[in-house]
Amino acid sequence: MAASAQSTSAGATRKGRSGFRLTLHGRKVLWAWTFLALPIVFYCWIRFYPTLSAFWMSFTDWDLLRPANFVGLANYQKLFADPNFWKVFRNTFTYLIIGTPVSLVLSFVIAFYLDRVRFMHGFIRALYFLPFLTTAAAMAWVWRWFYQPIPIGVFNDVLASLGLPAQPFLRSTTQALPSILVTGIWAGLGFQIIIFMAGLRAIPSTYYEAARVDGLGEWAILTRITLPLLKPTTVFLVVFSSIGFLRIFDQVYNMTTNDPGGPLNSTKPLVLMIYQTAFSSFQMGYAAAQTVVLFTILLAVSLLQLWIMRKR
Amino acid sequence: MSTQATELRLNASRIRPGLIITWTLLFIGGLIMVTPLLYMFSTSLKSAGQVYDLRLIPAAPTFDNYIKVLSDGRFARWFFNSALVAITVTLSNVFFDSLVGYTLAKFQFRGRQLVFIAILSTLMIPTEMLVIPWYLMSSQLGWLDSYWGIMFPGMMTAFGTFLMKQFFEGVPDDFLEAARVDGLNEFTIWWKVAMPLVTPAISALAIFTFLGNWTAFFWPLIVTTSRELYTLPVGLSSFAVEQSIQWEMIMTGAALATIPTLLVFLFFQRYIVRGVMLAGLKG
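This is how it looks when you write it as structure tokens:
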């Protein structure tokens with residue numbers, strides 16, 4: 000530092016010019032590593048070390064009380080032999096397989112038409128966007144109240160006024176998961192609409208004008224121009240919402256507090272199973288193995304995205 | 000009102016009457032989207048006896064529930080905790096993510112690409128995988144049940160770093176060179192010259208970080224055990240369980256957790272929507 004400061008103050012004679020350049024570069028490199036020093040410590044300590052640690056723990060029987068013993072693949076064998084895990088696995092993918100397409104189709108249709116509406120555009124957009132800003136844990140309780148039996152629950156009240164039979168919703172092993180899923184879709188819809196609208200705006204209007212000149216109909220424009228050009232946005236949202244549904248927790252936890260993941264584990268997703276294994280039964284090693292499984296699933300989804308984008 | 004009317008008239012000449020049907024359907028859909036929020040506020044203004052009356056406009060609105068919920072100071076404390084955590088983490092992200100993003104975008108040095116890929120690779124690691132090691136780390140270092148314990152995992156994020164790097168790449172080198180010629184040091188160049196050029200990105204990052212931490216549930220639920228340190232979502236969850244079937248009280252708590260973000264949205268709607276669009280397109 001001192002040497003480089005000297006060479007700048009020396010006013011860089013012609014002879015010292017190349018030396019001056021070198022030290023300037025050297026000084027910039029030094030600044031760069033100074034800026035990165037604390038972040039590198041952070042990423043190593045709070046991200047990479049815990050990641051390796053989680054893998055290691057998944058091969059141990061650590062339970063918070065006794066020192067951990069290496070048990071090889073025992074946790075994984077136990078997990079894959081556990082019918083509860085397969086139940087949870089199926090639930091997790093049910094959230095994804097229903098949630099992602101439903102929320103994507105809804106948000107695209109809304110974004111597509113909202114993009115054309117000018118009258119009170121900002122206000123209507125705000126109506127759709129507001130739920131995205133709410134706290135999932137808080138709104139889960141509002142929806143939970145909606146699903147209550149007569150005379151408390153709003154939905155059953157509406158059904159009754161239409162002369163339809165009351166539904167058990169959260170108390171039924173078949174209806175509880177879709178009921179919770181509705182809350183998840185509702186909360187994420189506003190974000191997806193905004194992203195779709197940003198994608199639609201990014202398509203140059205000349206494409207549409209050219210298509211109209213060529214006499215293409217509305218449907219042809221949609222399928223041959225809009226949707227293909229929107230592919231990067233769609234792929235991003237598919238992955239974003241898939242990861243969101245695979246990691247669902249807040250809604251399930253708060254809507255089933257009397258029997259988390261119930262009734263009869265019918266709504267329990269993987270993250271809730273991890274939470275219970277780790278922080279209710281304190282089987283840390285076993286829970287770590289479950290997190291590795293979650294990691295593998297999420298990694299597969301992300302790699303699938305990269306692969307689809309490559310093929311473009 | 001008059002500008003809206005002219006707007007409608009102007010558009011009506013351009014577009015077919017089908018637009019009116021589209022508008023109406025979109026409007027109804029929007030109302031359905033906010034119905035849970037409306038019912039939450041409506042019920043929070045009803046007395047225990049009125050809860051069964053499901054009309055949206057309360058017959059005899061009262062603030063009693065709010066007074067009752069706020070009287071013991073618990074919500075005020077949780078509100079303070081959430082604000083402290085969300086603001087601190089947001090400031091940290093704005094500072095560090097920008098600094099790292101800037102360094103990776105504007106400095107040439109060996110190992111730059113490696114650092115970038117290493118940071119980006121952490122996007123692949125789900126929080127759920129890290130909570131067990133974080134919990135162990137926190138219990139060994141005495142971070143359990145402390146503000147630092149709630150905050151430390153989010154002090155820097157790969158998403159924010161990536162976002163800021165993308166934006167700093169668009170800053171012309173000439174600006175920075177001019178500052179260098181003026182004799183400013185690299186830190187000042189970043190803070191005084193480069194940062195003001197990417198304010199839309201900073202506001203996007205700040206909004207996302209604040210919202211994410213304000214609504215965060217999973218890690219605060221794990222790391223806090225004493226009621227005084229709960230964040231608002233965790234506190235609300237425990238409060239709701241405790242109230243069991245007193246729905247008007249639960250709705251009041253939920254409303255209190257929701258009002259701050261709604262207020263922020265009312266004031267910063269333009270920035271928030273633009274921020275989400277920016278982050279979505281670049282991210």
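Chains as they are written, first to last, in numbering that gives the first Met the number 0: chain A, 0 to 311; chain B, 0 to 282.
Cβ atoms here follow ideal geometry from the backbone N, Cα and C, with glycine treated the same way.
- Residue range 126 to 140 is occupied by the alpha helix (DSSP H) that includes glutamine 139 (chain B).
- Residues Trp144 of the same chain have their beta carbon placed closer than 8 angstroms to that of isoleucine 151 (chain A), with the five preceding and five following residues left out of the count.
- Looking at the DSSP output, phenylalanine 69 (chain A) sits in a beta bridge with A:Thr59.
- Counting only the Cα atoms, leucine 228 (chain A) lies some 28 angstroms from valine 170 (chain B).
- Residue contact check for isoleucine 116 (chain B) against chain A: no CB pair falls below 7 angstroms.
- Taking 7 angstroms as the upper bound on Cβ-Cβ separation, chain A lies near residues Ile118, Thr121, Met123, Ile124, Pro125, Glu127, Met128, Leu129, Ile131, Pro132 and Trp133 of the region 118 to 134 of chain B.
- Within the model, the alpha-carbon separation for valine 222 (chain B) versus methionine 250 (chain B) is close to 26 angstroms.
- Counting the other Cβ atoms within 10 Å of the Cβ of tryptophan 306 (chain A) gives fewer than 16, which makes it exposed.
- Note that the C-beta distance between tyrosine 51 (chain B) and alanine 193 (chain B) is not below 7 angstroms.
- A:Thr173 is the residue among A:Lys27, A:Thr173, A:Gln76 and A:Phe154 whose C-alpha sits nearest the C-alpha of asparagine 90 (chain A).
- Not a single CB atom of chain B sits nearer than 7 angstroms to the CB of tyrosine 94 (chain A).
- In the displayed model, aspartate 156 (chain A) falls within a helix according to three-state DSSP.
- Residues Ala135, Ala136 and Ala139 of the same chain have their beta carbon placed closer than 8 angstroms to that of aspartate 249 (chain A), with the five preceding and five following residues left out of the count.
- In the DSSP annotation of this structure, the continuous segment of the alpha helix (DSSP H) that includes aspartate 249 (chain A) starts and ends at 249 to 254.
- Taking 8 angstroms as the upper bound on Cβ-Cβ separation, chain A lies near residues Gly28, Gly29, Leu30, Met32, Val33, Pro35, Leu36, Tyr38, Met39 and Thr42 of the region 27 to 45 of chain B.
- Using a Cβ-Cβ cut-off of 7 angstroms, isoleucine 273 (chain A) is close to Glu127 of chain B, given in chain order.
- In the three-state reduction of the DSSP assignment, isoleucine 31 (chain B) falls in the helix class.
- Counting along the chain, the unbroken alpha helix (DSSP H) around glutamate 241 (chain B) starts and ends at 231 to 242.
- Between serine 97 (chain B) and glutamine 191 (chain A), the alpha-carbon positions lie close to 26 angstroms from each other.
- Residue burial is scored here from C-beta neighbours: arginine 211 (chain A) has fewer than 16 other C-beta atoms within 10 angstroms and is therefore classed as exposed.
- For isoleucine 242 (chain A) against leucine 298 (chain A), the beta-carbon gap comes to about 10 angstroms, at or over 8 angstroms, which does not count as contact.
- Chain A places no beta carbon closer than 7 angstroms to that of isoleucine 201 (chain B), leaving this residue out of the contacts.
- Of the residues A:Leu176, A:Gly162 and A:Leu161, the one whose Cα lies closest to the Cα of phenylalanine 168 (chain A) is A:Leu176.
- Taking C-beta atoms under 8 angstroms as the contact rule, threonine 260 (chain B) and leucine 183 (chain B) fail to qualify, at a distance of about 39 angstroms.
- At a cut-off of 7 angstroms between beta-carbon atoms, methionine 283 (chain A) makes contact with chain B.
- In the DSSP annotation of this structure, the continuous segment of the alpha helix (DSSP H) that includes proline 100 (chain A) starts and ends at 82 to 113.
- The alpha-carbon of threonine 34 (chain B) is positioned some 40 angstroms away from that of alanine 287 (chain A).
- Just measuring C-alpha positions, the residue of B:Phe62, B:Phe216, B:Pro132 and B:Gln49 sitting nearest tryptophan 55 (chain A) is B:Pro132.
- Boundaries for asparagine 257 (chain A): no alpha helix (DSSP H) harbours it, and the DSSP string shows neither H nor E there.
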